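Okay, so here's the structure we're looking at.
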Amino acid sequence: MQDNTCHGVEVAIEAIIGKWKPIILFHLMENEVMRFNELKRAIPKITQKMLISQLRELEHHNIVNRKVYPQVPPKVEYSLTEYGKNIIPILKSMQQWGTMHKHHLQQKSST
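The sequence shown lines up with residues 779 to 889 when you count with this note's numbering.
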C-alpha cells in the first residue's frame, strides 16, 4: 500500500517550487498589481527569460493572473488570482520564519 500522506505537500511544492516563484508571489502580495518591468526591477537578479517562464507556470496553476491591455505598446499587468490569494498566509509565514532563521544563524555563528 502506497503512503499518500505527503501528496498534498508534493502538489504544493510543484506549484510554487523554485528560487523565484515565492519571491514573485511575495512582490505580488505586497503590491497587488505589477507590470512586467516593475517585477523585473523588484527582482534584479532574475533574467527576463526566467521571469517569463516562472510567471507562465504560476498562470498555469491559476495562482497569477495576466491582464493584457490592447494598446501600443502593450501593457501587461500581473496580480494574484482570487484562488492565488490563498497562498498569502503561507508567504507571510515563510517571511516570518526566514527572519527568525536568519537571526538564529547569526546567533549560532557568533557563539
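Cβ atoms here follow ideal geometry from the backbone N, Cα and C, with glycine treated the same way. The model shown is predicted, which means the values in this text are computed figures rather than measured ones.
- Here Trp875 is exposed, its C-beta having fewer than 16 other C-beta atoms within 10 Å.
- Counting along the chain, Lys823 sits inside no beta strand (DSSP E), nor does DSSP assign it H or E at all.
- The residue from Pro851, Leu883 and Lys799 with its alpha-carbon nearest to that of Ile830 is Lys799.
- Put simply, the segment 804 to 817 touches the segment 861 to 881. At least three CB pairs are less than 8 Å apart.
- A distance below 8 Å separates the beta carbons of Ile802 and Leu836.
- DSSP links Met812 through a beta bridge to Tyr856.
- DSSP places Lys845 in the uninterrupted beta strand (DSSP E) bounded by Val842 to Tyr847.
- Under the 10 Å beta carbon count, Ile795 is surrounded by fewer than 16 other beta carbons and is classified as exposed.
- DSSP places Pro851 outside both helix and strand once states are collapsed to three, so it counts as coil.
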